[in-house]
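Reading the sequence shown from the start, the letters are residues 4 to 566 in our numbering. Okay, so here's the structure we're looking at.
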Amino acid sequence: SLSFVADGFNLPEAKGYVNWLDPDTLLLSSALGNGMATRSGYARTVRLWKRDADPLTTPAIFEAGFESFQVSGHSDRTGRSERLWFIEQPAFFEKISWIGDRSGPRRQIDLPRDASWRVFGGWLAVRPRKPWTVGGTTHPADALIVISLSSFLAGGRRFETLFQPGERRSMQSFFWNDGKLIISYLVNLAPRFEMFTPGHQEWTRRVLNTLPAEGTVDVWSFDAAVHETNGEVLICAQDPITPPQLLLFDLNAAPSLSASAILKRSPENFDASGLVVTRHEAVSIDHELIPYTQVGPANGNGDAPIHLSAYGGFGVSLLPYYNSPLGKLWLERGGTCVEANIRGGGEFGTRWHEAGRREGKRLAHDDFAAVAADLVRRGITLPRRIAAEGGSNGGLLIANMLTRYPEHFGALFCTAPLIDMHRYTKLLAGASWIDEYGDPDKVHDWAFLKEISAYHAAAPGQPYPPILIATTKRDDRVHPGHARKMAAKLQALGYPAYFYEASAGGHGCGEDNREQAAFISLGTNFLRSAIGFNDHLPETAERVATQVGHLRSINNSFEQETK
4 SLSFVADGFN
14 LPEAKGYVNW
24 LDPDTLLLSS
34 ALGNGMATRS
44 GYARTVRLWK
54 RDADPLTTPA
64 IFEAGFESFQ
74 VSGHSDRTGR
84 SERLWFIEQP
94 AFFEKISWIG
104 DRSGPRRQID
114 LPRDASWRVF
124 GGWLAVRPRK
134 PWTVGGTTHP
144 ADALIVISLS
154 SFLAGGRRFE
164 TLFQPGERRS
174 MQSFFWNDGK
184 LIISYLVNLA
194 PRFEMFTPGH
204 QEWTRRVLNT
214 LPAEGTVDVW
224 SFDAAVHETN
234 GEVLICAQDP
244 ITPPQLLLFD
254 LNAAPSLSAS
264 AILKRSPENF
274 DASGLVVTRH
284 EAVSIDHELI
294 PYTQVGPANG
304 NGDAPIHLSA
314 YGGFGVSLLP
324 YYNSPLGKLW
334 LERGGTCVEA
344 NIRGGGEFGT
354 RWHEAGRREG
364 KRLAHDDFAA
374 VAADLVRRGI
384 TLPRRIAAEG
394 GSNGGLLIAN
404 MLTRYPEHFG
414 ALFCTAPLID
424 MHRYTKLLAG
434 ASWIDEYGDP
444 DKVHDWAFLK
454 EISAYHAAAP
464 GQPYPPILIA
474 TTKRDDRVHP
484 GHARKMAAKL
494 QALGYPAYFY
504 EASAGGHGCG
514 EDNREQAAFI
524 SLGTNFLRSA
534 IGFNDHLPET
544 AERVATQVGH
554 LRSINNSFEQ
564 ETK
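Laid out in structure tokens, this is it:
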């Protein structure tokens with residue numbers, strides 16, 4: 004029988020990672036200890052931690068400077084012998100990589116800092132984030148190229164191209180499984196998958212056309228350790244009206260025999276009968292087409308209660324998924340839900356993200372407002388019936404809808420938000436996001452950051468709709484001071500601004516299902532009441548907030564907590 008090993012590895016609370024080298028040795032990348040954290044609060048060192056040893060006195064075998072974002076290390080057992088990889092991230096979208104052993108890094112890998120890469124056995128796969136000219140060839144951003152690792156380390160640069168991006172054809176992810184390279188990409192937001200197998204002369208391509216091709220489809224290896232993979236992958240497939248299902252797929256089976264086996268289905272948590280899913284495009288301020296997905300009744304009356312959301316940051320792609328809470332609280336009761344694919348996301352690759360990063364963040368917010376306007380133009384609804392919600396980077400978006408486009412919305416729910424863009428780098432993990440937003444300590448950057456700093460933009464005498472700003476006391480990424488001071492300022496200016504702060508939950512909405520359900524219900528009920536989508540709910544936004552018992556009168560003392 005199995006039993007736990009006595010004297011296991013134990014760590015105090017700290018940000019970081021561990022990677023097993025053998026039963027008695029870990030690679031420890033941790034911010035634990037004095038001087039071991041970067042400016043952003045993440046790991047500054049990688050340590051070789053032996054069982055029974057004190058992690059605080061374990062010497063570092065790799066380290067970076069205080070100004071870096073973070074470091075990490077991991078083992079690679081897919082080669083003939085153990086390889087260790089050491090990664091320094093000077094900034095969020097940059098990596099400097101070394102190959103080494105248990106004594107530390109031995110050789111820096113000559114790749115662009117912004118490239119993603121994966122190694123398996125004797126092969127190196129690279130996805131450059133920007134066009135990369137090497138070996139006499141320019142490889143476009145988001146292409147996937149491969150080369151023999153030994154050839155690369157010997158100076159060879161003759162890559163073979165496996166994937167070429169297009170205008171609306173974008174790489175999303177790639178990973179190794181049993182020596183084969185699996186790639187996931189989108190074509191007009193529809194998921195597609197291919198598998199490439201290395202050969203003596205060339206790579207063999209196989210389109211995985213038996214995998215689901217609509218909605219959100221995530222694929223990953225069945226085995227956690229890449230050197231243990233055997234061709235089996237897990238698939239989670241869903242769409243806005245179809246609950247997630249978990250499937251097992253054997254990549255090594257013949258195409259005619261490679262149907263997926265369903266392992267588990269989630270229950271249907273709301274009545275989706277009569278709902279239709281459609282896709283549309285809004286025209287943004289610079290004439291770019293912004294796609295959005297609409298879920299709701301087939302026939303409307305021009306006054307539909309709309310729940311509108313987006314994210315638009317860090318290259319994160321939002322695809323249509325089964326949202327049980329909104330399904331139950333909004334769709335099942337006759338409402339319509341809309342999710343916008345604004346710039347700053349990764350739906351169309353690096354170009355889409357770059358267009359909504361730094362100076363472009365304001366443009367991403369314009370995209371969201373354009374979607375709201377398009378819903379009115381199409382006769383779906385009226386501005387007073389549009390409720391918008393967003394969290395974290397999406398909270399920054401919602402705060403900017405309040406200050407820049409108040410006439411487009413009937414109510415706003417702003418969660419875990421970035422709002423004061425002048426001081427965000429001074430608070431918790433804020434410095435790690437300079438790559439995404441810019442550095443307010445630089446005159447050039449503050450010039451465009453000031454335009455999206457809702458705290459500075461809030462002014463008296465504006466037609467601001469009701470807003471609920473929510474945060475958690477223990478958020479360890481976005482400081483709750485952002486939400487506190489914005490609520491305080493809006494209330495001091497006399498606006499219908501409400502504030503809720505959970506006592507636990509981190510950068511989320513509760514530490515268990517009950518707390519999460521309460522948080523979601525609070526926000527959704529607030530939005531429904533504020534836009535007149537009542538359905539037996541309290542009549543006013545104020546009654547909704549008072550019912551929970553956490554609406555507080557905020558004063559300027561909250562602002563002092565962030566100074």
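Positions of the beta carbon are idealized from the N, C-alpha and C atoms, including for glycine.
Item to check | Buried or exposed (CB count within 10 angstroms, at least 16 for buried), H447 | outcome: exposed
Checklist entry - Touching or not, the segment 326-333 and the segment 263-279, by the rule of three or more beta carbon pairs under 8 Å? => result yes
Item to check | CB contact flag (H485, G398, <9 Å) | outcome: yes
Checklist entry - Thinking just about the alpha-carbon of each residue, which of I389, E362, R360, R361 is nearest to the one in T373? => result The sequence as given places Ala at residue 373; Thr does not occur at that position. It is I389 whose Cα lies nearest to the Cα of A373.
Checklist entry - What separation, rounded to the nearest whole angstrom, lies between the Cα atoms of A548 and L321? => result With a pLDDT of only 44 at A548, under the threshold of 50, the placement of this residue in the model should not be trusted, and no figure is reported.
Checklist entry - Given a threshold of 16 other Cβ atoms within 10 Å of its Cβ, counted over all protein chains shown, does G393 qualify as buried or as exposed? => result buried
Next on the checklist: One question on the structure: do F177 and R130 come within less than 9 Å of each other, judged by their Cβ atoms?
Outcome noted: yes
Item to check | Where M424 sits in the DSSP three-state scheme | outcome: coil
Item to check | Assigned exposure category for G348 - 16 Cβ within 10 Å defines buried | outcome: buried
Next on the checklist: Does Q241 pass the burial test, meaning 16 or more other C-beta atoms within 10 Å, or should it be called exposed?
Outcome noted: buried
Item to check | 6 Å Cβ shell around D370 - same chain, five flanking residues per side excluded | outcome: S287, I293, I345, R346
Checklist entry - Of all the alpha helix (DSSP H) runs that stay within the bounds of the segment 278-321, which reach a length of 4 or more residues? => result none
Checklist entry - With E66 and R54 assumed to form a contact (beta carbons below 8 Å), what rounded beta-carbon distance in angstroms separates them? => result Actually they are not in contact, since the Cβ atoms of E66 and R54 sit about 22 Å apart, beyond 8 Å.
Checklist entry - On the three-state DSSP scale, how would you describe A193? => result strand
Item to check | Where D478 falls, given that 16 or more other Cβ within 10 Å makes a residue buried | outcome: buried
Checklist entry - How about G574 and K183: do their beta carbons lie closer than 9 Å? => result There is no way to answer for residue 574, as the model of the chain reaches only from 4 to 566.
Checklist entry - Quick one: what's got a C-beta closer than 7 Å to W333's C-beta in the same chain, skipping five residues either side? => result H310, C340, T527
Next on the checklist: I want to see whether chain D comes within less than 9 Å of R161, judged by CB atoms only; does it?
Outcome noted: Any reference to chain D falls outside this structure, which holds one protein chain only.
Checklist entry - Alpha carbon to alpha carbon, what distance is there between T428 and R480? => result 11 Å
Checklist entry - Any idea if A462 is buried or exposed, counting beta-carbon neighbours within 10 angstroms, 16 or more meaning buried? => result exposed
Checklist entry - Would E231 be called buried (16 or more neighbouring beta carbons within 10 Å of its own) or exposed? => result exposed
Checklist entry - If you draw a straight line from the alpha carbon of G509 to that of I523, how long is it in whole angstroms? => result 15 Å
Checklist entry - Of all the alpha helix (DSSP H) runs that stay within the bounds of the segment 315-376, which reach a length of 4 or more residues? => result 353-358
Next on the checklist: Let's see if you can read the secondary structure: which residues bound the beta strand (DSSP E) around I102?
Outcome noted: 99-104
Item to check | Rounded distance between the beta-carbons of F12 and L35, thought under 8 Å | outcome: That belief does not hold up - the Cβ atoms of L35 and F12 are roughly 12 Å apart, past 8 Å.
Item to check | Closest by C-alpha distance to P386, when choosing among R365, L400, Y408, W355 | outcome: Y408
Item to check | Anticipated Cβ contact below 8 Å, R365 with E454, distance rounded | outcome: 5 Å
Next on the checklist: Going by DSSP, what residue range makes up the alpha helix (DSSP H) through V446?
Outcome noted: 446-452
Checklist entry - At what residue ranges does the segment 490-524 contain a whole run of the beta strand (DSSP E), taking only runs of 3 or more? => result 500-505
Checklist entry - Which residues in the same chain as D226 place their Cβ atom closer than 6 Å to its Cβ, once the five residues preceding and following it in sequence are excluded? => result T232
Next on the checklist: Quick check on the burial criterion: 16 or more other C-beta atoms within 10 angstroms. Buried or exposed for F69?
Outcome noted: exposed
Checklist entry - Taking DSSP as the reference, what is the three-state secondary structure of V379? => result helix
Item to check | CB of S32 within 9 Å of CB of Q73, strictly | outcome: yes
Checklist entry - With a Cβ-Cβ cutoff of 9 Å, do A343 and S312 count as a contact? => result yes
Checklist entry - Does the Cβ-Cβ distance between V222 and F196 come in under 9 Å? => result yes
Item to check | Residues near I265 in its chain [Cβ-Cβ closer than 7 Å; skip 5 each side] | outcome: Q248, L250
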